[in-house]
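Residue numbers (the working numbering), protein chains in the order written: chain A, 89 to 301; chain B, 89 to 301. Don't be surprised by glycine CBs; every beta carbon is placed ideally from N, CA and C. Everything numeric in this text was worked out from a predicted model, so none of it was measured. Here is the structure we will look at.
There are 2 protein chains.
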Amino acid sequence: MDTTQRTEQQRSADRRRRELLEAADRVVLRDGPQASMNAIAAEAGITKPILYRHFGDKGGLYAALAKRHTDALLASLRAALDAPAERRERVEATLDTYLAAIEARPQVYRFLMHPSDGAPGEQGFDVGKHSAPVLRRMGEELAQVIEERLDLGPGTQQLARVWGHGLVGMMHAAGDWWLGERPCSRAELVRSLADLLWGRLAAAGDKVGGPGF
Amino acid sequence: MDTTQRTEQQRSADRRRRELLEAADRVVLRDGPQASMNAIAAEAGITKPILYRHFGDKGGLYAALAKRHTDALLASLRAALDAPAERRERVEATLDTYLAAIEARPQVYRFLMHPSDGAPGEQGFDVGKHSAPVLRRMGEELAQVIEERLDLGPGTQQLARVWGHGLVGMMHAAGDWWLGERPCSRAELVRSLADLLWGRLAAAGDKVGGPGF
DNA sequence: AGACTCGTGTTACCGCTAGTAACACACGTT
DNA sequence: AACGTGTGTTACTAGCGGTAACACGAGTCT
């Protein structure tokens with residue numbers, strides 16, 4: 089049997105892989121998302137082909153890198169979502185958790201969501217195959233929670249998925265804008281968004297003397 | 089004075105620029121967003137340096153290209169938003185207009201929103217500096233409409249902006265997911281999203297026998 | 001012990017990309 | 001006739017992602 093051998097070597101390989109990932113993380117967080125494979129290899133103290141043997145191609149390395157951060161983010165969101173509290177409180181806590189995360193580590197956020205930003209040159213990571221999945225995963229997880237928790241009558245499942253993706257998109261877009269312009273405090277943003285979800289758009293009155301009719 | 093000369097030559101330059109843009113449009117819509125400058129130049133029947141003289145760099149060409157489509161999309165959204173109807177009807181009409189647009193021309197949509205998709209190689213357009221602006225512009229315009237039309241008491245302006253960006257993000261994310269999976273009809277999606285905005289999330293009852301407490 | 005495998009590492013290369021001189025032609029203006 | 005300006009070319013650079021081809025070292029099987 090070669091189990092011992094295999095596990096031993098595999099263990100070594102996994103350790104190497106983790107080291108490489110950490111080096112890549114450092115470079116990406118320092119140089120922005122347009123970090124080149126050469127630069128990452130240099131940071132890790134090795135040369136390109138090893139990177140390619142471990143991760144296949146640049147997309148593979150990106151995916152591995154993104155998965156770590158995404159998993160961490162999703163875990164904290166799950167925690168906020170599963171907290172024993174009223175629904176509005178849970179919604180606000182989840183929004184706040186997300187916003188706190190992107191506020192605390194904007195570089196990570198920009199890497200996950202806008203992986204082609206940064207300096208000219210623009211051989212950055214691809215976005216469509218990976219940054220979308222981040223939002224998709226959040227949307228699907230949220231959909232699952234909604235479906236588990238809420239009684240929406242017939243068509244619950246489909247409604248939950250629409251809402252999951254829609255809510256995640258709302259959170260993401262508002263957070264992205266907020267992170268760039270900082271027009272208000274995090275708490276205000278959370279309250280504004282929760283108000284929107286609590287039907288304040290529908291309930292608001294028309295402006296008197298407005299344009300048109 | 090050189091006004092006559094300048095206007096004449098400038099007119100010619102503008103015509104050329106428009107022709108180049110149309111060629112670029114054809115290529116991008118055919119080859120996807122990873123269209124190379126060489127390919128675009130070839131489609132236009134010329135060589136690269138002319139493209140660079142007209143648009144500066146690849147980002148400039150992308151921006152010019154994106155502006156055309158974005159302007160068109162925004163115009164149709166404005167129309168739906170300004171229609172003389174009840175608020176919920178207007179909201180649904182706007183959602184439907186957006187979804188109909190991305191459904192009718194998914195290639196344009198993918199180019200605007202996910203400009204780095206497509207085949208391997210991945211020297212595609214950059215996304216952070218341009219695709220975000222598309223959503224930002226929509227968010228700001230929507231915020232303006234909300235602020236003009238709705239009476240939200242003190243803090244209206246800030247609330248309108250938060251909602252504008254949040255709503256656009258919701259629409260975008262849901263649309264993106266829907267376009268990929270087609271889990272339901274357009275009308276159903278519109279209704280589900282409008283329901284969400286009309287507070288149905290807040291009003292829904294807890295599921296009996298749910299997990300936890 | 002010796003052959004064998006397997007992961008680690010290298011150098012040197014390919015094809016492609018964005019972007020840039022340097023040069024040449026044509027045209028309307030002065 | 002001289003000029004400026006827009007149009008067009010060829011030929012090139014620098015860098016990227018990605019890939020052979022080869023070499024070393026350590027544990028394993030016979």
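| query | result |
| --- | --- |
| Asp102 (chain B) at chain A interface by Cβ criterion, 8 Å | no |
| Same chain only: Cβ atoms within 7 Å of Leu149 (chain A), ignoring 5 sequence neighbours per side | Ala112, Leu139, Phe143 |
| Chain-ordered neighbours of Met125 (chain B) on chain A, where CB pairs are closer than 8 Å | Going along chain A, no residue has its Cβ under 8 Å from Met125 (chain B), so there is no contact; the nearest lies around 12 Å. |
| Contact set between Leu281 (chain A) and chain B, taken where Cβ atoms lie within less than 9 Å | Val250, Trp251, Gly254 |
| Alpha helix (DSSP H) segments (min. 4 residues) lying fully within the stretch 141-216 of chain B | 146-169, 175-192, 194-201 |
| Below-8 Å beta-carbon distance, Glu191 (chain B) vs any chain A residue | no |
| Closest residue to Glu177 (chain A) among A:Ala291, A:Val278, A:Ala292 (Cα-Cα distance) | A:Val278 |
| Beta carbon of Arg274 (chain B) nearer than 8 Å to that of Ala188 (chain B) | yes |
| Nearest candidate by alpha-carbon position, reference Met226 (chain A), set A:Ala154, A:Asp264, A:Glu174, A:Thr158 | A:Thr158 |
| Whether Ala261 (chain B) touches Gly147 (chain A) by CB criterion (8 Å) | no |
| Status (buried if at least 16 other CB within 10 Å, exposed otherwise) for Thr182 (chain B) | buried |
| Through-space distance from Val222 (chain A) to Trp251 (chain A), alpha-carbon basis | 16 Å |
| Contacting residues, own chain, Cβ-Cβ under 8 Å from Thr185 (chain A) (five flanking each side not counted) | Ser164, Leu165, Ala167, Ala168 |
| Coarse secondary structure for Leu247 (chain B), derived from DSSP in three states | helix |
| N-terminal and C-terminal residue of the alpha helix (DSSP H) that Leu240 (chain A) is part of | Leu240 (chain A) -> no alpha helix (DSSP H), and no H or E assigned at all. |
| Min CB distance Arg225 (chain A) to chain B below 8 Å | no |
| Cβ separation of His253 (chain B) and Trp286 (chain A), assumed to be a contact under 8 Å, to the nearest whole Å | Not a contact, Cβ separation roughly 18 Å. |
| Continuous alpha helix (DSSP H) stretch holding Ser124 (chain B): start and end | That residue, Ser124 (chain B), is in no alpha helix (DSSP H); it is neither H nor E in DSSP. |
| From B:Pro271, B:Glu174, B:Gly268, residue whose alpha carbon lies closest to that of Glu292 (chain A) | Inspection of the sequence shows that residue 292 (chain A) is occupied by Ala rather than by Glu. Here the closest residue by C-alpha is B:Glu174. |
| Arg249 (chain A) to Val116 (chain A) span [Cα, whole Å] | 33 Å |
| Where Gly293 (chain A) falls: helix, strand or coil (DSSP) | strand |
| C-beta neighbour in chain A for Lys155 (chain B), strict 8 Å | no |
| Where Val179 (chain B) falls, given that 16 or more other Cβ within 10 Å makes a residue buried | buried |
| Spatial neighbours of Gly245 (chain A) in its chain, beta-carbon cut-off 7 Å, leaving aside the 5 residues before and after | Correcting the residue identity first, residue 245 (chain A) is Gln in this sequence and not Gly. Once the five neighbours on either side are set aside, the close Cβ partners of Gln245 (chain A) are Glu235. |
| Backbone secondary structure at Pro271 (chain B) - three-state DSSP | coil |
| Cα-Cα separation, Leu230 (chain A) to Leu238 (chain A) | 12 Å |
| Cα-Cα separation, Ser100 (chain A) to Gln122 (chain B) | 38 Å |
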